Ligand code: CO
Ligand code: ZN
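Numbering (our numbering), first residue to last: 319 to 651.
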């Protein structure tokens, strides 16, 4: 599985420019699904039908393909690029960093003269692609850059940019590779534009009209120096979401996931996240409402160029999904 995680995290794919990631995934999942289609926004919707008919219902699983990025807003007379954030980008994570554009152009992030002890606002930063004028600049206003950072594995940890949410994509690809039997018609959706407002999930949930929906995404942890007091740690299992700032996970679905994990001996933790949400929010409020939940991969340093996960948690997420699709669920209230 490590190879797909490397490939997916190193791929270019900020919000609105997910094409390269989508191509990689399409190729990888082709042998394991009954059909795939791409909708008007760029969501990849793959379907794997239930082994026995009739299916118990439609289960939508979603992970977002996009990563946070920087969009060029202005090019000055010397060829320096100004930018706006695409999603939750923090200036602190940018200085001296390298970015890459869809056409392969690399850039480094510089800063105007600034007081060393203050965090610079975004508009004091610029991208330098080595150009000396707008005319010879290899990128244009509206082009989008993503972080450039190689993946590495060390011990049980995996580190890369865009673990949010390529690790979720990797979980779903690995799940599709391993899944033998499903009693549900599975709609595995690789969504676009999550980081700028869950837009891919909104339209794909409307199209799929699922009976139950689950997002696979990352969550932060409470296990590093001076971190938020949060009961999620790297290496302690897949996190089953209870609540985040956008949604309350369906209590019956959450209980079902916990029971499955306990019965199967899959390590899990319960997640209450102060800030942030996922595609499950959009799926939950689709149409007349959908029971929705989230399997989260605990991740340190989210929304920085080096996001860290633990492979044991990732494998636990895959295992839990495999158990989930093999048996019926009683959601209750
Ligand atoms: Co994110
Ligand atoms: Zn995410």
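Glycine is no exception: its CB is placed at the ideal position from the N, C-alpha and C atoms. Fair warning: this is a prediction, and the values are worked out from it, not measured in the lab.
Item to check | Own chain partners of residue 594 with C-beta closer than 7 Å, once the 5 adjacent residues on each side are dropped | outcome: If you number the chain shown from 1, residue 594 lands on position 276. Counting only residues of its own chain and dropping the five nearest sequence neighbours on each side, residue 594 has a CB closer than 7 Å to the CB of 562, 563.
Next on the checklist: Once DSSP output is grouped into helix, strand and coil, what is the label at residue 511?
Outcome noted: As a position in the chain shown, residue 511 is number 193, starting the count at 1. Three-state DSSP puts residue 511 in coil, outside helix and strand.
Item to check | Check: residue 429 C-beta below 7 Å from any heavy atom of the ligand ZN | outcome: Within the chain shown, residue 429 is the residue found at index 111, counting from 1. Result no, Cβ not under 7 Å from the ligand ZN.
Item to check | CA nearest to the CA of residue 409, picked from 634, 388, 537 | outcome: The residue you call residue 409 lines up with position 91 of the chain shown. The option with the nearest alpha carbon to residue 409 is 388.
Item to check | Local Cβ density within 10 Å of residue 358, reported as buried at 16 or more and exposed below that | outcome: The sequence position of residue 358 within the chain shown is 40, counting from 1. Exposed: under 16 other Cβ atoms inside 10 Å.
Item to check | Span separating the alpha-carbon of residue 370 from that of residue 642 | outcome: Counted from its first residue, the chain shown places residue 370 at position 52. Counted from its first residue, the chain shown places residue 642 at position 324. Each residue's alpha carbon lies about 16 Å from the other.
Next on the checklist: Looking at the secondary structure, which residues open and close the beta strand (DSSP E) in which residue 586 lies?
Outcome noted: The residue given as residue 586 occupies position 268 in the chain shown. Taken as a continuous stretch (DSSP letters only), the beta strand (DSSP E) holding residue 586 covers 586-590.
Next on the checklist: Could you pull the DSSP bridge partners for residue 419 from this structure?
Outcome noted: The residue you call residue 419 lines up with position 101 of the chain shown. Bridge partners of residue 419: 463.
Checklist entry - Who's in the neighbourhood of the ligand ZN, going by beta-carbon under 5 Å from any heavy atom, listed in chain order? => result Matched residues: 482, 483, 535.
Checklist entry - Is residue 513 near the ligand CO, with its Cβ less than 7 Å from a heavy atom? => result By 1-based counting over the chain shown, the position of residue 513 is 195. Yes, the ligand CO has a heavy atom inside 7 Å of this Cβ.
Checklist entry - How is residue 374 classed by DSSP in three states: helix, strand or coil? => result As a working note, residue 374 is residue 56 in the chain shown. Residue state, collapsed to three classes: coil.
Checklist entry - Taking 7 Å as the cut-off, is the CB of residue 621 close to at least one heavy atom of the ligand CO? => result Along the chain shown, one-based indexing puts residue 621 at 303. Yes.
Item to check | residue 605, buried or exposed, once every other Cβ within 10 Å from all chains shown has been counted against 16 | outcome: The residue given as residue 605 occupies position 287 in the chain shown. Around the beta carbon of residue 605, fewer than 16 other beta carbons sit within 10 angstroms, so the residue counts as exposed.
Checklist entry - Start and end of the beta strand (DSSP E) containing residue 560? => result Residue numbering aside, residue 560 sits at position 242 when the chain shown is read from its first letter. Per DSSP, residue 560 belongs to the beta strand (DSSP E) from 556-561.
Checklist entry - What residue from 422, 421, 527, 429 has the CA that sits closest to residue 415's CA? => result By one-based count along the chain shown, residue 415 stands at place 97. Shortest Cα-Cα distance from residue 415 to any of 422, 421, 527, 429 involves 429.
Checklist entry - Expressed to the nearest angstrom, what Euclidean distance is found between the alpha-carbon atoms of residue 454 and residue 536? => result Walking along the chain shown from the start, residue 454 turns up at place 136. Walking along the chain shown from the start, residue 536 turns up at place 218. One Cα belongs to residue 454, the other to residue 536, and the distance between them is close to 39 Å.
Item to check | Continuous beta strand (DSSP E) stretch holding residue 614: start and end | outcome: Working through the chain shown from its first residue, we reach residue 614 at position 296. Element bounds for residue 614: 610-616.
Next on the checklist: Residues in the same chain with beta-carbon distance under 6 Å from residue 596, minus the five sequence neighbours each way, listed in chain order, please.
Outcome noted: By 1-based counting over the chain shown, the position of residue 596 is 278. Result list for residue 596: 533, 535, 612, in chain order.
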